[in-house]
Ligand code: FES
Ligand code: FES
């Protein structure tokens, strides 16, 4: 970590979602400030500012961290992944697809942090139990959902990623970008109603 | 109309893609060129006179663009949904730690904070009023000049004294409930912008853009038409963004500086300044006959509303209305007090007064059933309201009533049927299991005496899709998806062809609040009305274009055809127009196809004289069953499984109802077991999530939702509402389960490990204070 006096500004370079960036920061800046204000990557949210809610979760060298607690200077030369980097080449990540299909999203404010915590989990453990999932997202507060639909979504994404085999940790292939409007179960139901008339 | 395709289907949320990709811009994500950072100077004392405010040092700081005090409020220096008793910027005194004294706008967050520190305010502290019952005494120091009792309601029916004399069982207890925090994940945040003509736009998550517009206009002394309010999206609200939060500060700073100004409250500031659920002390005396017929309920509620009125009066009115639950109660004496103190601020919160009294009542009900030796569920079913019954406040239940249906479903759910078996198998010898049940009804809409209406707009877009506008904001509950489903079925198109416009005072008509379990019912009815008009306009145009009679036009999915045309006829395609083709024709004729629809709520057959907002005509119903395990060594309670059985009328989107149900269960569980905003001597002791604990994924029980649909004929497709009821009976279901497990009664929530442990020791005859 670089030493900089209070108030003084310096330039750091690191990678965000695969691309190299250079930003000017001061010693007081947190990683979340650099992402949200410096780079306008506003997908990462701030819910508490003290490391308690997980809304600001990003991956630092592949590990989930609360970006509100990480001094910006600490990311020099390292690799940061945010929610904006989950979808690849216009295709949603299997976790994103599963969150949509399971209604794991309500107000959506906790969602980016949840997704990043889940992404980290599935990289470490492609076949997590419900208990593993609960533990992995226990630092991510959600006031809307009651967590079930989120945990089911993570389970289902894990299944899908396993079925797709190694290398599938990136973007999903089964769903084009844009909204799968109807969940799987009723897609079938509506389809059969359609063909009946 | 044909059988609905979209209503009742498990539809994915229309806003989900933008939310999972991080593309959706919340108000806290907005940024404009030249934007300044605003900040609010809050009071340094819970109760004090303001002697002097000196802003000169702050103004001198380089980068500080404006410093505003009460002298800079051009219009009414007050806001409040019912009475505007909360100053925009305090001038003579402060009444709680969240009171705003000055505003600053500066070129950076750091400069704004520096400016706040440089403002000098001289206070003369006053005695802190922090006990609502003491505050009611004449001798108490006054928070407001005209006394500390903000509102009082008293309702009597029948003869409670006679009923208590004749009853076989009378139980009487005092209940205490905590100051729950909404804990929406996005703090109060937003931006105001101003154009060259002085028109202001306020981007700030809230629950009623048109009322915000009115309150901002009043404080600015400005024509409301010059103010646009955008309230969608909101990162959670639950009632906590119903009142004005920072909208007026934003508008004042933009007006003064002529530049965009952004404010994002820190979590600590949000906790100190924001609304909470009213803590209540409830004295309840309930009587039943030997055969289990409920005879009477006497209730006295004292609610701590904190420093300002906001919706405190209506919350207490609804506590009174809901204090007899979904039961026939022929004799009642119900009294409620809403009292000012220096304890923060209390107002609207999901459940709106019902959570507190239903906790008390449903505990009373279990106690009576136990005394009578009756089955808890049977006892509830015996007394449950049926359609046509007269409710406790004297109005007739003419709308759909799902009390018995949800109880019947509960009687068949697994954790109820197998309860003895489940209880017999705790996970450790020192743990005990219990099953609890509770039920409630919940008023939908604003109730008798308050204007309650909806409006929707529909416009056929050039590409054949429809823009549907309803102002009730999307606060996470999923109303925009339900609106899109109802619009698709009402218009005859796919959900993908609906573009929702929500929560914007410029582009929608006033459809009221996203509160009171009202938005799906209200917006849906208005959409149906607008859609019928849109179909008429389309039919007119199609008849003209196809050279057919108006009555011959039939609607298919996404198109219209001429009815008389035999199927398979060669010319059929010439006799069919898609909505896209209709849009082209309209455009070529220079016509815009637009329709508006409106709706006015029906109300109960009688009100309560002297009061407004109660009773209701339409109620949602819900029964919830909980299986808990109590650690008898530590007092810790774990909720293992919950079955939640809501009656929302028609479930427009069943997966959305499940989402509400699960979120409500966990929120009501937090209320039962862990949540309380501790305020001592006016100072908040739990200002962030390290001290104010809400349930995590590790605490969440297994939840099953069984939807019971008691269709409401006046509702769109039979829908009522459900947003609030889902978090209410779960609280007493859990505390009743603790009793079932251990024999102790919980009358003071949250039932923390410490409280349960003490109660267990007391029960065992050991000194509690050891
Ligand atoms: S904002 Fe970082 S943990 Fe809450
Ligand atoms: S969806 Fe609102 S906080 Fe999780």
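Chains as they are written, first to last, in the numbering used here: chain A, 94 to 290; chain B, -18 to 751. For each residue, glycine too, the CB sits at the ideal point set by N, CA and C. Since the model is a prediction, treat every value here as computed from it, not as a measurement.
- A Cβ-Cβ contact shorter than 9 Å links residue 568 of chain B with residue 443 of chain B.
- For the pair of segments examined, the region 224 to 242 of chain B was found not to touch the region 294 to 309 of chain B: the number of CB pairs separated by less than 8 Å stays below three.
- For residue 401 of chain B, the enclosing alpha helix (DSSP H) stretches over residues 400 to 404.
- At a C-beta separation below 8 Å, residue 221 of chain A has no neighbours in chain B, since its nearest C-beta there lies roughly 12 Å away.
- Secondary structure at residue 569 of chain B: helix, using DSSP grouped into helix, strand and coil.
- Secondary structure note for residue 364 of chain B: its alpha helix (DSSP H) is the uninterrupted segment 357 to 364.
- Under the Cβ distance rule, residue 604 of chain B does not count among the residues neighbouring chain A, no pair being separated by less than 9 Å.
- Of the other Cβ atoms in all chains shown, fewer than 16 fall within 10 Å of the Cβ of residue 218 of chain A; this residue is therefore exposed.
- A heavy atom of ligand 2 is found nearer than 8 Å to the CB of residue 202 of chain A.
- Here residue 209 of chain B is bridged, per DSSP, to B:182.
- For a Cβ distance threshold of 7 Å, residue set 669, 670, 671 of chain B lies close to residue 145 of chain A, ordered along the chain.
- The residues 404, 413, 414, 415, 609, 610, 611, in chain order, have a CB closer than 8 Å to that of residue 722 of chain B in the same chain once the five nearest residues on each side in sequence are set aside.
- Within 8 Å of the CB of residue 193 of chain A, the CB atoms of chain B belong to -7, -6, -3, -2, 1, in sequence order along the chain.
- Short note on residue 462 of chain B: C-beta not closer than 8 Å to any heavy atom of ligand 2.
- When secondary structure is reduced to three states using DSSP, residue 146 of chain B falls in the helix class.
- With fewer than 16 other Cβ atoms inside 10 Å of its own Cβ, residue 398 of chain B counts as exposed.
- Counting the other Cβ atoms within 10 Å of the Cβ of residue 581 of chain B gives fewer than 16, which makes it exposed.
- Taking a Cβ-Cβ threshold of 7 Å, the residues of chain B close to residue 239 of chain A are 643, 644, 646, 647, 681, 684, in chain order.
- Leaving aside the five residues that flank residue 280 of chain B on each side, the residues in its chain whose CB is nearer than 6 Å to its CB run, in chain order, 265, 304, 315.
- Between residue 438 of chain B and residue 448 of chain B, the CB-CB gap stays under 9 Å.
- Among the residues facing chain A, residue 174 of chain B is not included, as its CB has no counterpart in that chain under 9 Å away.
- Separation of the CB atoms of residue 148 of chain A and residue 648 of chain B is rounded to 18 Å, and the pair is thereby denied contact status at 8 Å.
- A heavy atom of ligand 1 is found nearer than 8 Å to the CB of residue 146 of chain A.
- Comparing alpha-carbon positions, the option among B:491, B:641, B:566 lying closest to residue 195 of chain B turns out to be B:491.
- Annotation for residue 245 of chain B: 9, 170 place their beta carbon closer than 6 Å to its own, counting only its chain and skipping 5 residues before and after.
- In terms of Cβ geometry, residue 184 of chain B and residue 93 of chain B do not form a close pair [threshold 9 Å].
- When B:363, B:321, B:234, B:292 are compared, the shortest CA-CA separation from residue 270 of chain B is found for B:363.
- Around the beta carbon of residue 528 of chain B, fewer than 16 other beta carbons sit within 10 angstroms, so the residue counts as exposed.
- Contact check for residue 26 of chain B and residue 104 of chain B: beta-carbon distance about 5 Å, within the 8 Å limit, so the pair qualifies.
- Rounded to whole angstroms, the gap between the alpha carbons of residue 153 of chain A and residue 113 of chain A is 14 Å.
- Beta-bridge pairing by DSSP links residue 67 of chain B to B:60.
- Within the same chain, and ignoring the five residues on either side of residue 560 of chain B in sequence, the residues whose Cβ sits closer than 7 Å to its Cβ are 441, 445, 474, 539, 540.
- Of the heavy atoms belonging to ligand 2, none sits nearer than 8 Å to the Cβ of residue 378 of chain B.
- Interface with chain B (9 Å Cβ-Cβ cutoff): residue 159 of chain A is excluded.
- Within 7 Å of the CB of residue 189 of chain A, the CB atoms of chain B belong to 1, 2, in sequence order along the chain.
- DSSP, read as helix, strand or coil, puts residue 192 of chain B in helix.
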